[in-house]
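Here the structure is laid out as structure tokens; the discussion comes afterwards.
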Amino acid sequence: MGRGRGGSTMKGEEYNVERPKMWRYYRMVYMPMSYLYGKRFEDLYYLYPLVQDVLWDSLYISTESLLTHFHFNKLRNKSLEVTMKHIHYEDENSRYITIGCVNKVLCMLACWVEDPNGGYFREHLGRVPDYLWVAEDGMKMQSFGNQVWDTSFAIQALLASDMNDEISNTFRKGYDFIKKSQVKDNPSGDFKGMYRHISKGRGLFQIKITDGKYLIPLLKH
Numbered sequence: 073m074g075r076g077r078g079g080s081t082m083k084g085e086e087y088n089v090e091r092p093k094m095w096r097y098y099r100m101v102y103m104p105m106s107y108l109y110g111k112r113f114e115d116l117y118y119l120y121p122l123v124q125d126v127l128w129d130s131l132y133i134s135t136e137s138l139l140t141h142f143h144f145n146k147l148r149n150k151s152l153e154v155t156m157k158h159i160h161y162e163d164e165n166s167r168y169i170t171i172g173c174v175n176k177v178l179c180m181l182a183c184w185v186e187d188p189n190g191g192y193f194r195e196h197l198g199r200v201p202d203y204l205w206v207a208e209d210g211m212k213m214q215s216f217g218n219q220v221w222d223t224s225f226a227i228q229a230l231l232a233s234d235m236n237d238e239i240s241n242t243f244r245k246g247y248d249f250i251k252k253s254q255v256k257d258n259p260s261g262d263f264k265g266m267y268r269h270i271s272k273g274r275g276l277f278q279i280k281i282t283d284g285k286y287l288i289p290l291l292k293h
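The numbers in my numbering rise by one with no breaks, and the one at position 194 of the sequence shown is 266.
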């Protein structure tokens, strides 16, 4: 899942947990989790046992005074700033759908911790319905689709069937669908500085998202 060595999320090839070599899913889940930990965000929905509270409070009191020393605190704040910059970049380039349902929730939570009334969090809320659907047994949260993946495999199977003349119209429709689903631009801005690769001309795992941008979950950026 990548070759992380430890370290902060600051820029610099020797201190960024080898971000360019990380598997995309690992990196995109790690970033919002590291931001939430760095902000000392605490989930109080479920109350903790007294023993656990005493243990964690003791560790907090014994270490936090050192970590919040001026130089360490300055480093932490800068790291959090850089981390959130990367989160916002990935959010904006996927139109706040991100690369999957787990990452979507974590990035949305990180944006809420940053500013619960901010525009980034509101943009995330607007794309939550893209992941939800109602089944016979209630509400469910799904991941991304695999329409292009399935179509390409289906066409290859049909080509192997030696029925080209009989289903030529099916081939034309399948080819047209794949062609229209091809990525026609690169990530915005200085995408190399954000540890992204060229995406123009690549294929997708699923169809384009509705507002003209692309979601490329299988690419190892």
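Quick reminder that beta carbons are idealized off the backbone N, C-alpha and C, glycines included.
Treat the numbers as computed from the prediction; the structure is a model and nothing was measured.
Does the beta-carbon of Tyr132 have 16 or more other beta-carbons within 10 angstroms, so that it is buried, or is it exposed? exposed
Less than 7 Å separating the beta-carbons of Glu195 and Tyr168? yes
With C-beta atoms as the reference, is Pro104 less than 7 Å away from Ala182? yes
On the DSSP letters alone, give me the boundaries of the alpha helix (DSSP H) that Gly198 sits inside. Gly191 to Arg199
Near Gly273, what residues of its chain come up, given a Cβ to Cβ distance below 6 Å and the 5 sequence neighbours on each side ignored? none
8 Å CB neighbourhood of Gln214 in its chain, flanking five on each side removed: Cys173, Tyr203, Leu204 and Trp205
Determine the extent of the beta strand (DSSP E) in which Tyr204 is found, giving its start and end residues. At residue 204 the sequence reads Leu, which differs from the Tyr that was named. Taken as a continuous stretch (DSSP letters only), the beta strand (DSSP E) holding Leu204 covers Leu204 to Ala207.
Buried or exposed by the 16-neighbour rule on C-beta atoms within 10 Å, applied to Ser130: exposed
If you drop the 5 nearest sequence neighbours on each side, which residues of the same chain put their C-beta closer than 8 Å to that of Asn189? none
Among residues of its own chain, excluding the 5 on either side of Leu178, which ones have a beta-carbon nearer than 8 Å to its beta-carbon? Val101, Pro104, Met105 and Leu108
Met213 by DSSP, collapsed to three states: which one? strand
Between the alpha carbons of Arg96 and Arg268, how many angstroms are there, rounded? 10 Å
Is Met180 buried or exposed, if buried means 16 or more other CB atoms sit within 10 Å of its CB? buried
Report the residue from Leu276, Leu122, Ser240 and Met235 whose alpha carbon sits nearest the alpha carbon of Lys252. Leu276
Residue interval of the alpha helix (DSSP H) (run including Trp95): No alpha helix (DSSP H) contains Trp95, which DSSP labels as neither H nor E.
Cβ contact (3+ pairs, closer than 8 Å) linking the region 147–160 and the region 238–255: no
Where His269 falls: helix, strand or coil (DSSP): coil
Endpoints, the alpha helix (DSSP H) within which Glu186 is located: Cys173 to Glu186
Which of helix, strand or coil DSSP assigns to Tyr161: helix
Is it the case that the Cβ atoms of Tyr192 and Met266 are separated by a distance below 7 Å? no
Glu238 versus Leu231 - alpha carbon distance: 11 Å
Could you tell me which whole alpha helix (DSSP H) segments of length 4 or greater appear in the region 220–258? 240–252
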